[in-house]
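> Take this structure first; my questions come after.
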Amino acid sequence: MIPQAFAQSSAGLAEVASLIMPALGNSSSADRLMLREIGDQHVFDPASSFRQPAEQVGHPGVPPLSKPSDAPPPARTVWQFVQQSRRLKIPENPMIDNYRRQYREEALWISKILNRATPFVGHIVEVLDERYLPVELALLPAIESGYQPEVHSAERAAGIWQIVPVTARDIGVRHTQWFDGRADIVESTVAAADYLSYLNAEFHGDWLLTLAAYNAGPGRVRKAVKQNSSRGLPVDFWSLSLPVETTHYVPKFLALVAMLRHDSLPEFDIPDVERGNGFEVLDFPHRASVDKVAAASGIPESTLKRINAGLVHGVTPPRGPHRLYVLKGDAARIIAATAQLDASELFTVPATHTVAAGDSISTLARLYGLSQARLMELNALDSSVIRIGQQLAVRHSTGDSEGRIEYVVTIGDTLSDIARRFSVRLNRIRDAQGRELATDRIHPGDVLSILIDLDRTG
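Below you can see the structure in the form of structure tokens.
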């Protein structure tokens, strides 16, 4: 059963319930069987295995890590708070030094990435700190996505934390026709923080193995630990046989943490983000779209889009919640600008879609509530071949008020569950021919038509 992970209050950003994590084997039966064979003796124990190098080896172009000194003054900014944290230990390692040297050479690029985090880094740090996690983990999205919530990878990972669909299902991140929790700053950050905490508990507090498991999957790391243990080899991160990407992923991240802590360069401009700054939630009485709210208030649409990337179509779901994240300094301005607007002035459904990696005619038809034939007709397509960057019409110029989704019933489905998933009433679920259902009994393999009112104000 997939855990119900999140419960948001309307009062603020998040009274977010803690994730109920799946069993340690995650969703793979093979992982579960493997886990039964692994005892505490197979899992890395940092207290017994960590070896302090006899001598710190310097590398050209990389200053040595500074030693702890007197306690610094209380952090005024978010990044100062991260800089001062020592919850995450950084070992001496040539790969870390190599990446740190590269980052120093590309300090302007690093500064640009950190600037992208400005609207939401305060929230990320707050979530991590509440869970007593290393606040240095706020830098992990820099490696994952460059703090770009709208990014989708070829492996279908999404959001600043680059959560893949199977992990999203396992940790209870919501994904509906109108909302993708992986791209939502609040939901994805809570999910990632709780998942990292869960992984860290599994690997006995070793953050290097935790980060490796976040990148490669816990099953892969468990297997590598077991293999080394059975051969009498060390089971620390540096000794394991892991995918090449993972062997670089961890030192890349640690090098960025080291750079933020220790490097002072004229071109390394760390954003001055006051602690307590960030964004808040605005609840609207009816549907609201990012473009309309931006136009009414004069707030840059790009800013609102970035912090509301979880809205798949840039508009709140038909049946709510009608909620947008806004920067704290913009909240009063938006409230004043939208207070007198009626429903029709506050939202629109997009008429076009830009094809991205992983898109297909079938997935886009489902996404926008169209049949594949209707989508191809709207775009005068002779075949289902589409290319990245192509603009596709997803609504007729005169306005399609109703969309239709074909849904194949799977084991465990009920009509109530399906209605909840697609934010529709039960009478909007029809049979394959679009007729009203004669009975409320459905069976795996049945094909249903789900009618979605694109223009309904909820």
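For the sequence shown, the positions run 6 to 463 when my numbering is used.
Just so it is clear, CB atoms sit at the ideal spot from N, CA and C, and this is done for glycine as well.
The structure presented is a predicted model; accordingly, all values stated were derived computationally and were not measured.
(1) When the distance is taken between beta carbons, is E141 closer than 7 Å to L93?
(2) Helix, strand or coil: which one does DSSP assign to H180?
(3) So the candidates are T252, D277 and L397; which of them puts its Cα closest to the Cα of L119?
(4) So, are the CB atoms of V291 and A348 less than 7 Å apart?
(5) If you reduce the DSSP assignment to three classes, tell me which class Q57 lands in.
(6) Determine the DSSP secondary structure at A398, reduced to helix, strand or coil.
(7) Does the stretch 162-175 touch the stretch 227-242, meaning 3 or more C-beta pairs lie closer than 8 Å?
(8) Which one of H318, A336, I447 and D268 has the shortest CA to CA distance from A465?
(9) Quick check on E279: buried or exposed, where buried means 16 or more other Cβ atoms within 10 Å of its Cβ?
(10) Using beta-carbon positions only, say whether I434 and P256 come within less than 7 Å of one another.
(11) Any idea what DSSP makes of H448, helix, strand or coil?
(12) I need the straight-line Cα distance from G17 to Q232, nearest angstrom please.
(13) Which whole runs of the alpha helix (DSSP H) in the stretch 108-133 are 4 residues long or more, in chain order?
(14) Where do the N-terminal and C-terminal ends of the beta strand (DSSP E) with H358 fall, by residue?
(15) State the start and end residues of the unbroken alpha helix (DSSP H) segment that holds F258.
(16) Within its chain, find whatever has a CB closer than 6 Å to the CB of N282; leave out the 5 residues flanking it on each side and keep chain order.
(17) Using only the alpha-carbon positions, how far apart do P27 and N205 sit?
(18) So, using beta-carbon positions, are F352 and S302 closer together than 7 Å?
(19) Among Q167, A263, A143 and T444, which residue has its Cα nearest to the Cα of I95?
(20) For V360, tell me which candidate among Q396, S367 and L375 has the shortest Cα-Cα distance.
So, from the listed chains and residues:
(1) Taking the first residue of the sequence shown as 1, we reach residue 93 at position 88. Taking the first residue of the sequence shown as 1, we reach residue 141 at position 136. Yes, the pair counts as a contact, with Cβ atoms nearer than the cut-off.
(2) As a position in the sequence shown, residue 180 is number 175, starting the count at 1. Looking at H180 - three-state DSSP - the assignment turns out to be strand.
(3) Here residue 119 refers to the residue found at position 114 of the sequence shown. Out of T252, D277 and L397, D277 has the C-alpha closest to the C-alpha of L119.
(4) One-based indexing of the sequence shown puts residue 291 at position 286. One-based indexing of the sequence shown puts residue 348 at position 343. According to the sequence displayed, residue 291 carries His and not Val. The answer is yes: Cβ separation under 7 Å.
(5) To locate residue 57, count along the sequence shown from 1; it is residue 52. At Q57, the pLDDT of 41 sits below 50, so the modelled position is not reliable and the matter cannot be decided from this model.
(6) One-based indexing of the sequence shown puts residue 398 at position 393. Three-state DSSP puts A398 in a strand.
(7) no
(8) Only positions 6 to 463 of the chain appear in this structure, which leaves residue 465 out of reach.
(9) Numbered from 1 along the sequence shown, position 274 holds the residue referred to as residue 279. By the neighbour-count rule (16 or more Cβ atoms within 10 Å), E279 is not buried but exposed.
(10) As a working mapping, residue 434 is identified with position 429 in the sequence shown. As a working mapping, residue 256 is identified with position 251 in the sequence shown. No, the Cβ-Cβ distance between I434 and P256 is not below 7 Å.
(11) For the purposes of this step, residue 448 is taken as the residue at position 443 of the sequence shown. DSSP places H448 in coil when its eight states are reduced to three.
(12) Start at 1 with the first residue of the sequence shown, and residue 17 comes out as number 12. Start at 1 with the first residue of the sequence shown, and residue 232 comes out as number 227. Residue confidence for G17 is low, a pLDDT of 44 falling below 50, so the modelled location carries little weight and cannot support an answer.
(13) 112-121
(14) For the purposes of this step, residue 358 is taken as the residue at position 353 of the sequence shown. From DSSP, the beta strand (DSSP E) with H358 extends over T357 to T359.
(15) Numbered from its first residue, the sequence shown carries residue 258 at position 253. Residues V249 to H267.
(16) In the sequence shown, counting from the first residue as 1, residue 282 sits at position 277. If we look at N282 and ignore the five residues flanking it on each side, its Cβ neighbours are G127.
(17) As a position in the sequence shown, residue 27 is number 22, starting the count at 1. As a position in the sequence shown, residue 205 is number 200, starting the count at 1. Confidence at P27 is low in this model, with a pLDDT of 41, below 50, so its placement is unreliable and no value can be given for it.
(18) The count along the sequence shown starts at 1 and reaches residue 352 at position 347. The count along the sequence shown starts at 1 and reaches residue 302 at position 297. For F352 and S302, no; Cβs fall outside 7 Å.
(19) Taking the first residue of the sequence shown as position 1, residue 95 is located at position 90. Nearest of Q167, A263, A143 and T444 to I95, Cα basis: A263.
(20) Walking along the sequence shown from the start, residue 360 turns up at place 355. When only C-alpha atoms are compared, the closest one is Q396.
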